[in-house]
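Protein chains in written order, with the numbering used here: chain A, 196 to 495; chain B, 196 to 495.
2 protein chains.
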Amino acid sequence: MRTCLDCIPCFFKQALEAARIAGADDATQRRILNEVARVLPDFRLEASPPEMARIIYRIVRDVTGVEDPYRNIKERSNRYALGIYDELIRIRDQGKDRMRTAVELAIAGNIIDYGVKNTLDVRREIEKILSEENRIIRHEESRFFQLENFREALSRAQTILYLGDNAGETVFDRVLLEEILRQYPEKEMIFAVKDQPAINDALMKDALDCGIQTVARVVSSGSDAPGTLLPLCSESFQKIFRNADMVISKGQGNFETLSGVERPVFFLLLAKCPVIANHIGCRVGDVILWYHTIEEEHEE
Amino acid sequence: MRTCLDCIPCFFKQALEAARIAGADDATQRRILNEVARVLPDFRLEASPPEMARIIYRIVRDVTGVEDPYRNIKERSNRYALGIYDELIRIRDQGKDRMRTAVELAIAGNIIDYGVKNTLDVRREIEKILSEENRIIRHEESRFFQLENFREALSRAQTILYLGDNAGETVFDRVLLEEILRQYPEKEMIFAVKDQPAINDALMKDALDCGIQTVARVVSSGSDAPGTLLPLCSESFQKIFRNADMVISKGQGNFETLSGVERPVFFLLLAKCPVIANHIGCRVGDVILWYHTIEEEHEE
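Right under this line is the structure:
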C-alpha cells in the first residue's frame, strides 16, 4: 500500500509523540520535527507508510539517544494482557464457535496500543467486537471477514507463519494459536517478531514474556520496520515467508507493507485509521479478516 | 500566544486541505507540503500560529496560482447565514436577556466554518450553546464568560472596534451589533475585515454581502493574516485599534494573535482546538467571552 498525502501530517504527529515518549525536551522535540521536515521531500509516496515511520523512529533514536523509547510501555502492555489471559480463555471456550471467537479476540487485541488507558477500554472493545450485532454485520459483509477461507487454509497448511504486531497483543495472538493447535495438533507454527525496536511492536523478549513459545517457534524478521518490509528482512526470514503454507498477518503495519505482496496472506486487523479503511473499502473501527490472494492483487 | 509543537502536524493538515480546496492535483499537493517542510525549520515558535498559517496560504496561492481558494466557500457561507438571519433575530428577541443571547449567537456563528456540512449542524450547535444546562455551566465558570464586564465596557465606550472572523459568521456578528446599537444608539461601531484572502475570513465584499454596513463602518486590517498581526496591519488600522474605547475580537485567529496585546480586549470565541483550550484553561467546544486586561497579561 502506497503512502497517502494524508499520512504526511500524521508522520509529524507520530514523530512528536515518539519524541515525547523518549523524554525529549521541547528544543529536542523541535529538532526532531525539523529533521523529519528535512527528509520528507526525498520520501517516495510509492513506498508504504511504515517505511517513513521507520525513518522517523530512527531520527527519534538518533537525536534522543534513547534506544527503545517504548520499552516501559511494552512491558506494561505485556503485564496487562497477561493479567486478563485467563479471562480471554474463558471467553473463547464459552463461544459456540471457538475458532471464530479466537480470531475475533486476536483482532480485538489490536487495540492494546500505547493509547489505551485502562482495562475497562479493552473489555468494552472486546464486548463490542463479540456482540451479536457486530457478528451479524461481519456475516453480511463477509468479504471483510473471510473466516471460511481462513478455516480451509488452516486445515490444509502444514507450516503456518504468524506475523506479530504489538507487545501485549501477543497474549491475544497466543489465545488464537492455542486454539489452532488444539484443533490441528500436527501444525508447525512460527511466530515472527521485529529484530530491533519498532514503536511498540513485540520484540523477542515480549513474545517470550507473553508465553508465545508454548505454541510456536519464535523467529525475528531481521528488521526494525514497524511492518514487514521484505527487502529489509533477513534472508532466513524471507525464506520462511516464501515457504510457509499459510501466512497470518496481524495489525496495520504488516498490512500496509504486505498488501501488494505476491503470495496469499490472511490479514487480521482493526482498521484504525481512515487511510487504511479507505484502502480496504471498510469503515474505521471495522474488524477485518482479509484474504489477500495473488489474483486479487493483479486486478488492482 | 506562541506556537505549540502540536501545531506543526496541524500546519501540514491545513496546507493539504487548502491545496485541495484550491483544486491542486496530487503532484501539486505534494509540492506544497514539501515547500511547507522547507520553510518550517526557520519558523520561530515565539510567533503565533496564524503567522505560520499566513506563510502556508501564501505557498498555496503561489504554487497553485489561485488567488482566493476559499471564494466559493465564503459565498456559500454568506448565503447560508443570510438565509437564517430572520430566525437568529427571532431567537435573540425571544430571549429574556437579549444582549446575552446576542453574544451567545455571535459566538455560535464561529462554527460556520468550511467544515460545517449543513444547516442542521448549525441549528444543533445554536441549540446546544443556548441550552439552560450550558448557560448554568457558563454562569458557574464565569471567568470564561465575563458578560458583566462586557456590559459595563459597552456602557462606557464611545468607539467600539469589532474584529471580524469568517465569512457567513459576519451575519451572526451583525445580530449582536444590532442589539448593541439598539441599547446604545449613540455608539460608534467599526467592523474590521481582512485586506486580502486569508482562509475563509471575511473580506470587505463578504462584510457588505452580510449587511454589516447597516450597523458599523467597515474597515480593512490592511493585512492578509488570518488573525490580527498588528505589525503587518495598516497604520490607519493600528490607529483605530489603539484609540478604540473597546475592542471585541472574534474567533481563534484573532485570539491567537492578540492574546498578549497591551490593551484590554474582549475575546469571543468557540475554543475549537486543544492547544487553544489548553492555553485558556477551558475545554474544547467551550463558549468563551474572555476579558483580557493588561494587568492580567503581566501576571502570566
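Quick reminder that beta carbons are idealized off the backbone N, C-alpha and C, glycines included.
Just so you know, these numbers come straight off a predicted model, no measurement behind them.
In chain order, Pro-244, Met-247, Val-470 place their CB closer than 8 Å to the CB of A:Cys-202, counting only its own chain and leaving out the 5 sequence neighbours on each side. At the C-beta level, A:Asn-273 and A:Asp-390 stay beyond 7 Å of one another. A:Asn-229 has a beta carbon lying within less than 7 Å of a beta carbon in chain B. Spanning the alpha carbons of A:Met-294 and A:Glu-374 requires a straight line of approximately 6 Å. Within the region 247 to 278 of chain A, the complete alpha helix (DSSP H) runs of at least 4 residues fall at 266 to 278.
B:Arg-226 and B:Val-413 have their alpha carbons spaced roughly 37 Å apart. Between B:Leu-277 and B:Val-366, the C-beta gap is smaller than 7 Å, which places the two residues in contact.
Sorting A:Lys-323, A:Arg-266, A:Asp-419 by C-alpha distance to the C-alpha of A:Ile-306 places A:Lys-323 at the top. When the five nearest sequence neighbours on each side are left out, the beta carbons in the same chain lying within less than 6 Å of the beta carbon of B:Ala-352 are those of Asp-440, Met-441, in order along the chain. The Cβ atoms of A:Ile-302 and A:Leu-463 lie closer than 7 Å to each other.
Listed along chain A are Leu-200, each with a C-beta nearer than 9 Å to that of B:Gln-224.
In the three-state DSSP reduction, B:Ala-387 falls in the strand class (E or B).
Membership of B:Ser-415 in any alpha helix (DSSP H) is not indicated; the residue belongs instead to the beta strand (DSSP E) covering 412 to 415. In the three-state reduction of the DSSP assignment, A:Ile-355 falls in the strand class.
Each residue's CA atom was taken as its position, placing B:Lys-291 and B:Leu-325 some 12 Å apart. Among the bridge pairs identified by DSSP, A:Val-482 is matched with A:Leu-465. If you draw a straight line from the Cα of B:Asp-221 to the Cα of A:Leu-235, it is about 16 Å long.
With a threshold of 7 Å between beta carbons, A:Ile-203 makes contact with chain B. Look at B:Lys-382 here: in three-state DSSP terms it is coil, with no helix or strand label.
Residue range 441 to 445 is occupied by the beta strand (DSSP E) that includes B:Ile-443. For B:Ala-232, the nearest beta carbon of chain A is closer than 7 Å to its own beta carbon.
Annotation for B:Leu-484: Val-298, Ile-302, Phe-339, Phe-340, Gln-341, Leu-342, Phe-345, Phe-461, Phe-462, Leu-463 place their beta carbon closer than 8 Å to its own, counting only its chain and skipping 5 residues before and after.
Between B:His-487 and the set B:Gly-480, B:Asp-481, B:Glu-451, B:Arg-287, the nearest pair of CA atoms involves B:Glu-451.
For A:Leu-283 and A:Ile-321, the gap between their C-alpha atoms comes out near 9 Å.
With a contact defined as Cβ atoms closer than 8 Å, A:Asp-368 and A:Ile-407 qualify at about 7 Å.
In the DSSP assignment, A:Phe-238 falls outside any alpha helix (DSSP H), carrying neither H nor E. Of all residues in the region 240 to 274 of chain B, those with a C-beta nearer than 9 Å to a C-beta of chain A are Leu-240, reading in chain order. Unbroken alpha helix (DSSP H) runs of no fewer than 4 residues, entirely contained in the region 313 to 351 of chain B, are found at 314 to 325, 327 to 335, 342 to 351, following chain order.
Sorting B:Met-384, B:Ala-213, B:Arg-239, B:Pro-204 by C-alpha distance to the C-alpha of B:Met-196 places B:Arg-239 at the top. In this chain, the alpha helix (DSSP H) harbouring A:Gln-289 covers 280 to 289. If you draw a 10 Å sphere on the C-beta of B:Asp-288, you find fewer than 16 other C-beta atoms in it, and that means exposed.
Close partners of A:Lys-208 in chain B (Cβ separation under 7 Å): Pro-204.
Contact with chain A is absent for B:Pro-469, since none of that chain's Cβ atoms lies less than 7 Å from the residue's Cβ.
Of all residues in the region 443 to 462 of chain A, none comes within less than 7 Å of chain B when Cβ atoms are compared. For A:Leu-356 and A:Ile-443, the gap between their C-alpha atoms comes out near 6 Å. Close CB contacts of A:Cys-205 within its chain, under the 6 Å cut and outside five residues either way in sequence, are absent.
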